[in-house]
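So the sequences go chain by chain: A and B.
Going by the working numbering, the first residue of the first sequence is number 1, and it counts up by one from there.
Going by the working numbering, the first residue of the second sequence is number 350, and it counts up by one from there.
Ideal Cβ positions, reconstructed from N, Cα and C, are used throughout, including at glycine.
In what follows, a single structure is set out as structure tokens and then discussed.
Number of protein chains: 2
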Amino acid sequence: MENIKVVIWGFGAMGQGMADMLLSKKGVEIVGVCDINKNIVDKKLSVVMNQEINHDVFILDDMDRILESTKPDVVLLCTDSFVEGAYPKIKKIVEHKINVITTAEEMTYPFESHPELSKKMNDLAKANGVTILGSGINPGFVMDLLVLQLTGAMSSVSHIDVKRVNSLSPFGPAVMDEQGVGYTLKRYHERIEKNELAGHVGFNQSVHMIFKGLGLKATKFEQQMEPILTNVDRKSKYASAPKGTLAGINMTSQGYLGDDLFLKMDHPQQIEPQLEGIHTGDYIDIYGSPEIHMSIKPEIDGGIGTIAICVNMIPHVINAKPGLKTMIDLPIPRAILGDMREMIDTFDQ
Amino acid sequence: MENIKVVIWGFGAMGQGMADMLLSKKGVEIVGVCDINKNIVDKKLSVVMNQEINHDVFILDDMDRILESTKPDVVLLCTDSFVEGAYPKIKKIVEHKINVITTAEEMTYPFESHPELSKKMNDLAKANGVTILGSGINPGFVMDLLVLQLTGAMSSVSHIDVKRVNSLSPFGPAVMDEQGVGYTLKRYHERIEKNELAGHVGFNQSVHMIFKGLGLKATKFEQQMEPILTNVDRKSKYASAPKGTLAGINMTSQGYLGDDLFLKMDHPQQIEPQLEGIHTGDYIDIYGSPEIHMSIKPEIDGGIGTIAICVNMIPHVINAKPGLKTMIDLPIPRAILGDMREMIDTFDQ
């Protein structure tokens, strides 16, 4: 069997990380990279990544040209967070009869937030015999898939609390600004009023994926954003948050069953949480029979984790039935330490 | 769509628990129960379970009769731990063109321990268009599937430690005897020499499932059994372990990659662990990139957990391609709180 062929669309932090990971794996090769960053377009991948590459490629800004000249098994789409932005790109890939795995957060479970585009994507994927999957650590794994997996050991579930506490300290200026780090409360409220702070994207996806996975329908979905004011001076590589300003933002969300609060999500993100005694981690508490209380400390790394999950889902997406799929439709992701081709279902299996 | 139809073969603790759980679920019904226990044969299920049942059935000791008179979608086989004992029953079910989910521990990953019977079962299942699955909490979920799922967020894995610490206190006289609770060291060694103490069944399965899932092949697999001697008097509902006798048994296992110890498993089982400061729990420590350290405290309940997982896998087994499958081939188990029929793939999906 030939190597599995992968094209990467979007060569930012995620795309670069996936390229790096793919180059270390057996049975898979990168056959194309697309980005609009003029500093890297028309350069060789080996030059931009500063490493030797067996089957080197040029980074191009023209996806049509890449899709027509290569025959990839899958495109890793790392350009957008929202369905509206990702859809035209997904459409293009699918119409070339190629599978898509995307880091777009809303694509991990788009059925509630975008029912019409979801139907369009599902029909298009089936008509072209390919699979579309949105994945990542959050949403896509730690606050949803893992929660559902744990309920698999339960005969009944009455309430779920999910909490992800992480540190923003590793992140760069863009994220510092998006999460309001170092803002005064006044500036924070100004930007909220102008709808300029997105905060965490993905609660709609995680909450509905959990409800759907359990066979339930949420009667109400809500989410909130609160500033995390620091009581001490905090400083990270790319930001300062003096006492009294924002160290970050706490996102919360709720899913209701009837009038009951069935599912509660908490996701405080800040720089240097340990300076006020806050330990990072992923916490899942599921009440029912039997109760399950899980913690992962420190939290699963969101960066490497998202890169890894998307690459690790490649064989499952290739094997999957056509259509718009989610993580709950496919076998579990797992680290791929052998030859990736051995995971591909062959006709006589 | 008609209710999903289930037959239970083996009406011990697991079979009874599954019957109880199925009676609380929507879209599924029990159409037959088989057991050889003369106290319950030819009695109505409603009488034996002391609850009202909509579609009541008689407990019979003749599986051929049940399989010929009902048309179940799946048989839950809860009679055996080992492949040798389960195989003829699985063969019978599959030849009637019916899916099987079994609690037989060795069936969770039988390919290394029983390669010829595995091939037979796979061929038989495919020839008859049905699916065979072994499942349970351990093996089948907490020391293997969950480990693999966490590696899904990793780009590389260098070492894995898995530890399950549980209490035997809830268990009855049979388990107390199987785990040597209250034995003197002398009696323990006598029974070991006669090969009468099986200890935990499942390390071969868990270790090889993990290696296979990661795309690796173990160069060496080993397992050991050690007595857990208590330094204080311990007492549970069905056993006493005075100071100096066995409170239980510690099972350990290792999987090697080349000469390196890649995977280490620890499973101490004992009554009243807290009397010597031991906290029960499931612990998974995976080294690589990124590292993941997970704990579930207290441990996932092995009894209700196994019952729940097998029932929760029913729709996935019905949907699956024919053949001998394992938990790593199918979508994640999840609690089924809605109508089970909604999880069945229909032709036009």
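### Query
Any contact of the segment 328 to 341 of chain A with the segment 357 to 376 of chain B, i.e. 3+ C-beta pairs under 8 Å?
no
### Query
Can you tell which of B:G597, B:Q365, B:V496 and B:S418 has its C-alpha closest to the C-alpha of T533 (chain B)?
Indexing the second sequence from 1 puts residue 533 (chain B) at position 184. With distances taken between Cα atoms, T533 (chain B) lies closest to B:G597.
### Message
Please report the straight-line C-alpha distance between F11 (chain A) and G485 (chain B), rounded to a whole angstrom.
### Response
Stepping through the first sequence from its first residue, residue 11 (chain A) is reached at position 11. Stepping through the second sequence from its first residue, residue 485 (chain B) is reached at position 136. Rounded to whole angstroms, F11 (chain A) to G485 (chain B) spans 42 Å at the Cα level.
### Query
Looking at C-alpha atoms only, which residue of B:L499, B:A590 and B:N599 is the closest neighbour of G637 (chain B)?
Looking up residue 637 (chain B) in the second sequence gives position 288. Of B:L499, B:A590 and B:N599, the residue nearest in Cα terms is B:L499.
### S206 (chain A) beta carbon less than 8 Å from that of M121 (chain A)
As a working mapping, residue 121 (chain A) is identified with position 121 in the first sequence. As a working mapping, residue 206 (chain A) is identified with position 206 in the first sequence. No, the Cβ-Cβ distance between M121 (chain A) and S206 (chain A) is not below 8 Å.
### Message
With the cut-off set at 8 Å, would you say P671 (chain B) and A435 (chain B) are in Cβ contact?
### Response
One-based indexing of the second sequence puts residue 671 (chain B) at position 322. One-based indexing of the second sequence puts residue 435 (chain B) at position 86. The answer is no: Cβ separation not under 8 Å.
### Query
Closer than 8 Å, CB to CB, is K264 (chain A) near chain B or not?
Position 264 of the first sequence, counting from 1, holds the residue named residue 264 (chain A). For K264 (chain A), the answer is no, since every Cβ of chain B falls outside 8 Å of its Cβ.
### Task
Return the first residue and the last residue of the beta strand (DSSP E) that Q619 (chain B) is part of.
Reading the second sequence from its first residue, position 270 is the one you call residue 619 (chain B). Start and end: D609 to Q619.
### Message
Which residues of the segment 371 to 387 of chain B have a Cβ closer than 8 Å to any Cβ of chain A? Give them in chain order.
### Response
S373
### Message
Please give me, in chain order, every unbroken run of the alpha helix (DSSP H) with length at least 4 that falls completely inside the segment 129 to 193 of chain A.
### Response
145 to 151, 173 to 178 and 185 to 193
### Query
Would a C-beta distance cut-off of 8 Å place L77 (chain A) and T102 (chain A) closer than the cut-off?
Stepping through the first sequence from its first residue, residue 77 (chain A) is reached at position 77. Stepping through the first sequence from its first residue, residue 102 (chain A) is reached at position 102. Yes.
### Query
D688 (chain B) bridges to which residues according to DSSP?
To locate residue 688 (chain B), count along the second sequence from 1; it is residue 339. B:K375.
### Contact residues within the segment 312 to 332 of chain A, judged by C-beta distance below 7 Å to chain B
N312, I328, D329, L330, P331 and I332
### Query
Since T500 (chain B) meets chain A, which of its residues come closer than 7 Å, beta carbon to beta carbon?
Here the question's residue 500 (chain B) lines up with position 151 in the second sequence. Here the neighbours are R334 and A335.
### Query
Given that a residue counts as buried once 16 or more other Cβ atoms are within 10 Å of its Cβ, and exposed if not, what is K71 (chain A)?
Looking up residue 71 (chain A) in the first sequence gives position 71. K71 (chain A) is exposed by the Cβ-count criterion.
### Query
Which whole runs of the alpha helix (DSSP H) in the segment 4 to 66 of chain A are 4 residues long or more, in chain order?
13 to 23 and 45 to 49
### Query
Just to confirm, are V33 (chain A) and I59 (chain A) a CB contact at a threshold of 8 Å?
Taking the first residue of the first sequence as position 1, residue 33 (chain A) is located at position 33. Taking the first residue of the first sequence as position 1, residue 59 (chain A) is located at position 59. Yes, the Cβ-Cβ distance between V33 (chain A) and I59 (chain A) is below 8 Å.
### Task
Specify the secondary structure class of L330 (chain A) as computed by DSSP and reduced to three states.
Taking the first sequence and counting its residues from 1, one reaches residue 330 (chain A) at position 330. Of the three classes helix, strand and coil, the one that applies to L330 (chain A) here is coil, per DSSP.
### Query
Secondary structure at V232 (chain A), three-state DSSP: helix, strand or coil?
Working through the first sequence from its first residue, we reach residue 232 (chain A) at position 232. V232 (chain A) falls in the coil class under three-state DSSP.
### Task
Under 8 Å Cβ to Cβ from N661 (chain B), same chain only, skipping five residues before and after it: list those, please.
Within the second sequence, numbered from 1, the residue matching residue 661 (chain B) stands at position 312. Answer for N661 (chain B): P682, R683, A684 and I685, listed in chain order.
### Query
To the nearest whole angstrom, what separates the beta carbons of G425 (chain A) and P227 (chain A), a pair I think is in contact under 8 Å?
The structure shown has nothing for residue 425 (chain A), since chain A only spans 1 to 349.
### Classification of F611 (chain B) by the beta-carbon crowding that lies within 10 angstroms, buried from 16 upward
By one-based count along the second sequence, residue 611 (chain B) stands at place 262. The residue in question, F611 (chain B), is buried, as its Cβ has 16 or more Cβ neighbours within 10 Å.
### Proximity to K535 (chain B) [Cα-Cα], best of B:T594, B:A657, B:I663 and B:H628
If you number the second sequence from 1, residue 535 (chain B) lands on position 186. Residue B:T594 is the option with its Cα nearest to K535 (chain B).
### Task
Give me the Cα-Cα distance between A308 (chain A) and A502 (chain B), rounded to the nearest whole angstrom.
Walking along the first sequence from the start, residue 308 (chain A) turns up at place 308. Walking along the second sequence from the start, residue 502 (chain B) turns up at place 153. Cα to Cα, the separation comes out at about 5 Å.
### Query
Does L133 (chain A) come within less than 8 Å of chain B when only Cβ atoms are used?
The residue you call residue 133 (chain A) lines up with position 133 of the first sequence. False, the Cβ-Cβ gap to chain B never drops below 8 Å.
### Task
Taking H293 (chain A) and K387 (chain B) to be in contact with their CB atoms under 8 Å, please state how far apart those CB atoms are, rounded to whole angstroms.
Within the first sequence, the letter at position 293 stands for residue 293 (chain A). Within the second sequence, the letter at position 38 stands for residue 387 (chain B). That belief does not hold up - the Cβ atoms of H293 (chain A) and K387 (chain B) are roughly 43 Å apart, past 8 Å.
### Query
For D345 (chain A), which of A:A127, A:T326 and A:P315 has the nearest alpha-carbon?
Taking the first sequence and counting its residues from 1, the one referred to as residue 345 (chain A) is at position 345. Of the candidates A:A127, A:T326 and A:P315, the one whose C-alpha sits nearest the C-alpha of D345 (chain A) is A:P315.
### Contiguous beta strand (DSSP E) assignments of at least 3 residues, all confined to the segment 548 to 600 of chain B
569 to 578
### Task
Just mark N401 (chain A) as buried or exposed, buried being the case when its beta carbon has 16 or more other beta carbons within 10 Å.
In this structure chain A extends from 1 to 349, so residue 401 (chain A) is not present and cannot be described.
### Task
Round the Cβ separation of I481 (chain B) and K674 (chain B) to the nearest angstrom and send it over; I've been treating them as touching at under 8 Å.
By 1-based counting over the second sequence, the position of residue 481 (chain B) is 132. By 1-based counting over the second sequence, the position of residue 674 (chain B) is 325. Rounded, the Cβ-Cβ distance is 7 Å, consistent with contact.
### Query
Short check: CB of L624 (chain B) to CB of L565 (chain B), under 8 Å?
Stepping through the second sequence from its first residue, residue 624 (chain B) is reached at position 275. Stepping through the second sequence from its first residue, residue 565 (chain B) is reached at position 216. Not in contact: L624 (chain B) and L565 (chain B) (Cβ atoms no closer than 8 Å).
### Task
Report yes if the CB atom of E116 (chain A) is closer than 8 Å to the CB atom of S81 (chain A), and no otherwise.
Here residue 116 (chain A) corresponds to residue number 116 of the first sequence, with the count starting at 1. Here residue 81 (chain A) corresponds to residue number 81 of the first sequence, with the count starting at 1. Their beta carbons are not under 8 Å apart, which means E116 (chain A) does not touch S81 (chain A) by this criterion.
### Query
Closest by CA to I300 (chain A), which one among A:N319, A:T280, A:P173 and A:I286?
One-based indexing of the first sequence puts residue 300 (chain A) at position 300. For the residues A:N319, A:T280, A:P173 and A:I286, the minimum Cα distance to I300 (chain A) belongs to A:T280.
### Message
Considering Cα atoms alone, identify which of A:M107, A:G213 and A:D35 is closest to V157 (chain A).
### Response
Within the first sequence, the letter at position 157 stands for residue 157 (chain A). Selected option, being the one with the closest Cα: A:G213.
### Query
For the beta strand (DSSP E) that contains M294 (chain A), what are its first and last residues?
Here residue 294 (chain A) corresponds to residue number 294 of the first sequence, with the count starting at 1. Its beta strand (DSSP E) spans residues I292 to I296.
### Task
Please list, in chain order, all residues of the same chain as P410 (chain B) whose beta carbon is under 7 Å from its beta carbon, the five residues on each side excluded.
Reading the second sequence from its first residue, position 61 is the one you call residue 410 (chain B). In the sequence under discussion, the amino acid at residue 410 (chain B) is Asp, which differs from the Pro named in the question. Taken in chain order, the residues that qualify are C383, D384, I385 and V390.
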